[in-house]
Amino acid sequence: MLPSVLLKRRSEKRHGKEKRQKKEDERPQPEDEDDEVLEIKQGPVFNANGEDVRSRSCPYLDTISRNMLDFDFEKLCSVSLSHLNVYACLVCGKYFQGRGTSTHAYTHSVSEGHHVFLNLETHRFYCLPDDYEIIDGSLEDITYLLNPTFTSAEISSLDTNNRMVRAYNGLTYYQGVVGLNNIKANDYCNVILQMLAHVSPLRDYFLNAANYRGMSTTSSDQMHLLVQRFGELIRKLWNPRNFKTHVSPHEFLQAVVLCSRKRFQFTEQGDAVEFLSWLLNALDLALHRKRLSTKPGPKATPERTVVSRALRGTMRIHSRKIMPVNMSEEEKATLADNPEYMPSTVETKFFYLTCDLPPPPLYLDEYKESIIPQVSLSTLLAKFNGTTEKEYKTHRDSVMRRFELRRLPPYLILYMKRIVKNIFTLEKNPTIVNFPITLPNSLYEADREEYFHVGKKSNHSQLPHKKHRFWGTSGSRM
């Protein structure tokens with residue numbers, strides 16, 4: 001009986017010790033107290049300089065996906081379609097509005113677990129939902145992708161730099177030679193943009209954003225937006241640190257649709273030369289300043305823009321109206337003194353020269369194939385020598401015109417008029433234009449003597465010289 005009582009007491013003592021040990025284990029230990037302190041420290045903690053210590057030690061930087069980033073599209077929230085206070089998620093690449101607790105960016109960070117965001121206006125990085133700014137030097141390439149900047153030394157070395165650079169996706173490309181995305185039907189705009197992006201004075205001007213950031217214009221805010229978007233596109237085309245080897249002109253095309261009042265759209269095909277003419281005139285108007293030149297005298301003229309200095313020339317158009325064939329000699333003598341039939345001369349400005357191609361032959365060759373004619377560039381430029389006359393017919397009358405070049409721009413754009421509209425449809429002229437890439441001295445002097453009237457008073461002081469560059473509307477150098 002005694003041993004059984006002793007065993008019962010020992011078991012009760014053992015159970016009592018286990019209960020006391022369990023209660024001690026349930027008590028908060030010093031480690032638990034430290035954990036509670038850490039939870040309290042998750043809020044903003046500032047150092048002696050007043051800077052949040054979390055800004056330089058964000059644990060979510062490794063979640064950034066640079067291959068998902070694309071800042072070429074319009075900066076608006078993907079949920080509310082608002083342009084105000086837009087942030088880019090650096091994990092998925094989507095745009096969201098705001099940073100507060102009731103905003104779309106905050107909701108996205110909580111629901112998707114994406115924490116790193118970039119303010120597209122201030123170029124600052126933030127961690128959500130903790131809402132503190134991230135300061136880290138490794139994010140500088142993302143800021144440069146959003147807003148490429150160029151120094152004066154970098155701009156001056158672009159024409160001599162022929163090294164290839166490597167994009168983030170591993171592909172190599174030449175700086176300035178990248179593709180433009182064809183969103184739907186904007187290929188006619190892309191060829192013009194590629195061409196203008198390689199006109200050195202125009203390129204150098206727009207690569208420096210300070211030239212047009214605070215400019216005073218005579219145009220509306222919409223035209224000012226066109227200049228800003230064009231400058232951003234030029235800087236992205238010449239970005240040596242692109243993540244991809246192509247650029248989307250979406251933001252610029254949105255400005256084109258707005259400023260042209262939907263005359264040019266990227267959802268419908270358009271005429272490239274019409275877009276070129278409108279774009280150059282719009283940029284020239286937007287950059288034009290009301291300030292007159294400081295030259296003394298009453299003939300002070302407004303300052304010329306970089307577009308006019310690089311691409312605009314002047315010519316004289318000599319016109320005379322042709323009398324109807326069925327008129328008698330007496331009627332012709334009577335109309336001879338009529339101002340309508342007297343020769344007239346008008347001096348005008350141009351951004352490009354339209355070269356008229358000869359019509360293709362109607363008959364097939366001996367192999368029953370279409371004959372593709374060929375013509376030299378000098379033959380086409382004979383139209384502007386000041387002596388060649390051509391008849392231009394309208395639905396009412398006919399006019400004989402001849403063109404005389406007065407001043408050539410440093411960069412001359414030549415437009416080969418291939419598309420001709422007839423009664424039923426559009427026809428494309430397949431004529432091949434032969435032109436030299438470089439002009440030898442002897443050939444150049446001969447062409448200049450023959451077609452530009454060397455020594456004549458009309459334009460002997462404004463002749464083209466070797467530094468002139470010829471460009472076609474397709475973007476290839478002539």
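In this text, residue positions in the sequence shown follow full-length UniProt numbering: the first is 1, and each later residue adds one.
Glycine included, C-beta positions come from ideal geometry on N, C-alpha and C.
Item                                                                                                                                                                           : Value
Report the residue from 211, 76 and 354 whose alpha carbon sits nearest the alpha carbon of residue 251.                                                                       : 76
Using the three-state DSSP reduction, which class does residue 211 fall into: helix, strand or coil?                                                                           : helix
Does DSSP put residue 184 in a helix, in a strand, or in coil?                                                                                                                 : coil
Residue 312 and residue 262: beta carbons closer than 8 Å?                                                                                                                     : no
Would you call the stretch 272-281 in contact with the stretch 174-193, where contact means no fewer than 3 C-beta pairs closer than 8 Å?                                      : yes
Which same chain residues, not among the five before or five after residue 318, have their C-beta less than 6 Å away from its C-beta?                                          : 345 and 402
Grab me the residues of residue 240's own chain with a C-beta within less than 7 Å of its C-beta, minus the 5 sequence neighbours each way, in chain order.                    : 165 and 175
Could you check if residue 117 is buried or exposed, using at least 16 other CB atoms within 10 Å of its CB as the buried criterion?                                           : buried
Select from 399, 380, 370 and 169 the residue whose C-alpha is nearest the C-alpha of residue 358.                                                                             : 380
Could you give the uninterrupted runs of the alpha helix (DSSP H) lying entirely in the stretch 320-356, keeping only those of 4 residues or more?                             : 329-336
For the beta strand (DSSP E) containing residue 257, name the first residue and the last one.                                                                                  : Not the beta strand (DSSP E): residue 257 falls in the alpha helix (DSSP H), residues 250-259.
Mark residue 426 as exposed unless 16 or more other C-beta atoms lie within 10 angstroms of its C-beta, in which case mark it buried.                                          : exposed
Ordered along the chain, which non-local residues of its own chain (more than five positions away) have a Cβ less than 7 Å from that of residue 55?                            : 132, 133, 134 and 135
My assumption, with CB atoms under 8 Å, is that residue 163 sits in contact with residue 128. Please give the rounded CB distance.                                             : That belief does not hold up - the Cβ atoms of residue 163 and residue 128 are roughly 40 Å apart, past 8 Å.
Taking only the alpha-carbon atoms, compute the straight-line gap between residue 91 and residue 68 and give it to the nearest angstrom.                                       : 7 Å
Relative to the alpha-carbon of residue 260, which residue among 326, 225 and 161 has its alpha-carbon at the smallest distance?                                               : 225
So, are the CB atoms of residue 231 and residue 206 less than 8 Å apart?                                                                                                       : yes
Tell me the residue span of the alpha helix (DSSP H) that contains residue 275.                                                                                                : 272-287
Can you round the beta-carbon distance between residue 352 and residue 258 to whole angstroms, since I take them to be within the 8 Å contact cut?                             : Not really, about 25 Å apart at Cβ, beyond 8 Å.
Closer than 7 Å: is that where the CB of residue 278 sits relative to any heavy atom of the ligand SAM?                                                                        : The ligand SAM is not among the ligands present in this structure, which contains no ligands whatsoever.
Does the distance from the C-beta atom of residue 78 to that of residue 95 stay below 8 Å?                                                                                     : yes
Alpha carbon to alpha carbon, what distance is there between residue 249 and residue 398?                                                                                      : 43 Å
Helix, strand or coil for residue 179? Go by DSSP, reduced to three states.                                                                                                    : strand
Excluding the five sequence neighbours on either side, which residues of its own chain have a C-beta within less than 7 Å of the C-beta of residue 254, listed in chain order? : 74
Hey, quick one: how far does the beta strand (DSSP E) through residue 197 stretch, first residue to last?                                                                      : Element bounds for residue 197: n/a, residue is neither H nor E.
According to the neighbour-count rule (16 or more other Cβ atoms, all chains shown, within 10 Å of its Cβ), is residue 212 buried or exposed?                                  : buried
Using the three-state DSSP reduction, which class does residue 189 fall into: helix, strand or coil?                                                                           : helix
Checking the sheet assignment: what are the DSSP bridge partners for residue 119?                                                                                              : 87
Specify the secondary structure class of residue 144 as computed by DSSP and reduced to three states.                                                                          : helix
Measure the alpha-carbon distance for residue 482 versus residue 267 and round it to whole angstroms.                                                                          : The displayed coordinates of the chain run from 1 to 478. Any statement about residue 482 would go beyond what the structure contains.
Could you give the distance in angstroms between the alpha-carbon of residue 172 and the alpha-carbon of residue 155?                                                          : 21 Å
Which class does residue 247 belong to by DSSP, given the choice of helix, strand or coil?                                                                                     : strand
Quick check on DSSP: helix, strand or coil for residue 312?                                                                                                                    : coil
Please report how far the alpha carbon of residue 109 lies from the alpha carbon of residue 103, in whole angstroms.                                                           : 10 Å
Report the residue from 180, 194, 287 and 340 whose alpha carbon sits nearest the alpha carbon of residue 222.                                                                 : 287
Pick from 384, 372, 405 and 395: whose alpha carbon is nearest that of residue 434?                                                                                            : 372
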